[in-house]
Each structure stands twice: as structure tokens, then as C-alpha cells.
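So the number in our numbering is just where the residue sits in the sequence shown, counting from 1, plus 93. For reference, the structure is listed below as C-alpha cells.
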Amino acid sequence: MYWLQLLWIGLLLPSTQAALRLGCGQLVTQRFDPLVTPGRVSPHVHQIVGGNAFNLTMHPDLDVPGVATCTTCRIKEDKSNYWTAVLYFKHANGSFARVPQIPNHFTGEYNGGMTVYYNQPPSGSPRVTAFAKGFRMITGKPMDRVSRNLPDTLGERWALSFRCWQTTGPYDYSNSHAIGPGPFDSVNLPNRVCPGGIRSNTFFPTCWDGVNLDSPDHASHVSFFESPANPRVGLFLQDGTCPESHPVKLPQLFFETVWDTRPFNHMWPEDGKQPFVLSTGDPTGYGHHGDYLFGWEGDSLQRAMDNCLTTRGRPTDCPEITTISDEEMNSCTLKPQVDEQVEGGYIPALPGCNPIQEGPQSATLIKDCTAVSTIGIAATPVPHQRAEANEAVITPGSK
């Protein structure tokens, strides 16, 4: 949780730094991934937050903020969608239970979800350019099962990591310590009991080619800085030089997802092997990944980055945006559209044919999977349709 870092950085730096820290409640948990598998049910489960225009296809021409009627995020103008794989606990009997998400410190009392950050580098120069309408990207590779072995000093190495909380206290050192080398972070799922839970950290690239809103792999149109991470703050509020191929500096987008593993700590296996697994069948954590689909209204994000020059990150400090209540956030939900159980008790297998694949070779998709894989829902909403039009349920075998 970087609320404390925002405070002390604010004391050291002049007021040229824009930072937004917003809680986002749960929108839905299901096997949808409209970036990687548009129009088809995803191979694995995701937890999704943000605007209720989210659907199976999310066509690039979709007017996301125009179609959405609400958002689970604290800022009313933000109808974007953010999603990651889901963490499950594997019981000794082979069954799985979804690990619940809880709100981060000082973000509100909303349902599950995660914390989203939009920051610009401390120097404030060059000016960051807000994401453009239709922009989308992915960070991480879900099929990875080994570390990329990047140097510890390179910020990209710590773009996807896990924090092992020693307590749930907001001022605990294991909460406020910078991401990077040290006693609390790892690029793999922690190999020890985390008394306060596990927080996954998901950083996105901050350099754009300035042309493409997407790319075939959803990652090549963006790049990380060409510079080492600041050891005091890790990737957080990192400054650096964008490569010539990707010269446009974007806001730094960062997720914190707090997984409440505490209810399972007493069931840690006797052999000491960590019992958590991502919904991709990944027990290593190296396949941790995140997806982003931009959906802010008009130029609201650009105005916030230009004018809300405070490092505290509180949306209420920014007059360019409108905040909503916990009740409004919690009332914004979507019904799951895939007819299968993904949470709410133990399930015999991970949804979508995802057996445990430990590596070191990359994971592979299972052939002849009998899980739901075809669609039976309405077409993607067009700009003048409202989000609630898309409510049909996908059932096994539906076409």
C-alpha cells in the first residue's frame, strides 16, 4: 500500500506530481477476457472491476463511457475496466476455493476489488499523455512458469510481484516498504505463510508508440522505461527515459489486489509447499498478469494529470473529477454469464480446464476441453445502447 510513500514523497518533491489512488469494487468474476479471446469464453477465470459496459467482445469502436451506466471505481468519470486472474486455495483433498479480495487501506468499504493508481513521474516532465479512446493493453504472460531472470535493479523485473504481509496494519513495514529486493516481495507466489495476507502488484508499461491503440499481442505498442528502478520507491513513481520506438509518456498505471489468505493459513500443507494457485493453473505466480481497457469520460483523465498536483493520491483532492460513495460503487454489478461455479465454496477443479502446470516449460492449453467455450449472448452493445441490454446466460454446449 503506497499511501505512506505518497505522503513522504510529497514532502520531498515540489507540487508538480499528479497521483490518483482509487478503490474499485468487484464488478463480476467469470471467464471473460475480451482482449485475448473476444467473442469467446476465456480459458481461465478473471476478477473484473470498473464500468458495467464490460462484455464478451468490447469492440474497439465501442463508446465505453457512453454505454456504461455505472462504475465500481471511486471516480465517476472512470468507466474503464481492469482485470486480473483469480487466486485460489488448493485443499489437501484436491478441491479449490476462491481466495476473497478485500479493500486496501484507506480506500473505502466496497466489495472486494482492488486499488488502481494513475501517477506521473516525479519530475513532471515531459507531460504525461492520457490514454486515448479505444486504448487497451496487457502486462504479463499467463503461460509463464519460470522467472524472466531480469536484473534486480531493472524496474521491469518487479512489475509483477507479490507482497507477503506480516500484519494487516496500514503502518506495518511489510505494507509500506518499496516494491523490489527485500524481505517481503517476490516475483513468485510467496513460499511461506503470510500472516496478513498477500497483495499482488501489477505495473503496466508507461511508454507508448503514439500510434497504435492496441497490438496483436496487446503489449508491443507499449514499453517500460529504459532505466533502473529507484531503490527507495521501486517502480512506484519511477522516472526514466522512454525508448525512441515508444516516445510518448503515459500515466503510470498500477494495481494492488489484496487477497485475504488468512482463512487458509491454518491449512498450510505439512510438506510446506505453498497451496495457492492462479486461475490459470499456475502455482508459481510467474504467470501473473493484468489487463486494462481505457474508458474515462472525455478529457477528464488528462485534466486530472495536468491539474491535480498532489502526491497524496486522494480523489477528493482533485476538483477535476467526481467521487462516488461506497454504496454507489457496490450497487454497480454484472451478473455472471457463464453457467458454472467459480466461487462460493469448494469446487472440484479450476474452471475452464486448467490443471496445475508447474513448469519450468510454459503452460499449454488443454485440447478437447469440455468446459463452456462458445457463446450464446447478445451482440456487443453499440454506442447508443445501454449496458444492461447484455444479460443472457452462457450455458454448457450453447452456440
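Beta carbons: idealized from backbone N, C-alpha and C, even for Gly. For clarity, every value in this text was computed on a predicted model and none was experimentally measured.
Assignment of Thr409 by DSSP, reduced to helix, strand and coil, places it in the helix class. Burial of Val435 is indicated by the presence of at least 16 other C-beta atoms within 10 angstroms of its C-beta. Taking the Cα of Asp310 as reference, the smallest distance to any Cα among Asn242, Asn204, Pro127 is reached at Pro127. For a cut-off of 8 Å, the C-beta gap from Val142 to Gln119 is around 6 Å, short enough to register as a contact. In the structure shown, Arg220 falls within a coil segment according to DSSP collapsed to helix, strand and coil. Distance from the CA of Pro131 to the CA of Gly445, rounded to the nearest whole angstrom, comes to 16 Å. Between Asp399 and the set Arg191, Val129, Gly205, Tyr211, the nearest pair of CA atoms involves Tyr211. Looking at the DSSP output, Ser418 sits in no beta bridge, so it has no partner there.
Counting along the chain, the unbroken alpha helix (DSSP H) around Arg396 starts and ends at 393-400. Ser424 is the residue among Ser424, Gly187, Gly374 whose C-alpha sits nearest the C-alpha of Glu202. Taking a 10 Å sphere around the C-beta of Cys411, we find 16 or more other C-beta atoms and assign the residue as buried. The beta carbon of Phe357 sits closer than 6 Å to the beta carbons of Phe182 from its chain, once the five residues preceding and following it are set aside; these are given in chain order. Along the length of the segment 139-222, whole beta strand (DSSP E) runs at least 3 residues long occupy 139-143, 174-178, 180-183, 189-191, 207-212, reported in chain order. Excluding sequence positions up to five before and after Asn281, its CB lies within less than 8 Å of the CB of Ser240, Phe255, Thr377, Gly378, Tyr379, all in the same chain and listed in chain order. The segment 380-391 makes contact with the segment 176-190, as at least three CB pairs between them are under 8 Å. DSSP, read as helix, strand or coil, puts Arg256 in strand. Contact fails between the segment 331-341 and the segment 156-174, because fewer than three Cβ pairs, one in each stretch, are under 8 Å apart. Here Thr404 is buried, its C-beta having at least 16 other C-beta atoms within 10 Å. In the DSSP assignment, Cys300 forms a beta bridge with Ser316, Lys342. Glu349 is not a Cβ neighbour of Thr334, given a cutoff of 8 Å. Residue range 383-386 is occupied by the beta strand (DSSP E) that includes Tyr385. Gln454 and Ala397 have their C-alpha atoms spaced approximately 44 Å apart.
For Ser267, the enclosing alpha helix (DSSP H) stretches over residues 266-269.
Non-local C-beta neighbours of Asn305 in its own chain, meaning closer than 7 Å and more than five positions away in sequence, comprise His314, ordered along the chain.
In this structure, the CA atom of Glu249 is about 16 Å from the CA atom of Met230.
Counting every other CB atom within 10 Å of its CB across the protein chains shown gives Lys460 a total below 16, marking it as exposed. Going by DSSP, Gly116 is part of the beta strand (DSSP E) stretching over 112-117. Taking C-beta separations shorter than 7 Å and ignoring five residues to either side along the sequence, the partners of Thr222 in its chain run Val341, Lys342, Leu343, following chain order.
Ranked by Cα distance from Gly233, the first of Cys287, Val129, Val192 is Val129.
Taking the Cβ atoms as the reference, Ala456 lies roughly 19 Å from Arg133, outside the contact range of under 8 Å. Taking the Cα of Gly365 as reference, the smallest distance to any Cα among Arg124, Ile414, Trp301, Asn284 is reached at Asn284.
Closest in C-alpha terms to Ala225, from the list Gly273, Trp389, Thr260, Ala190, comes Trp389.
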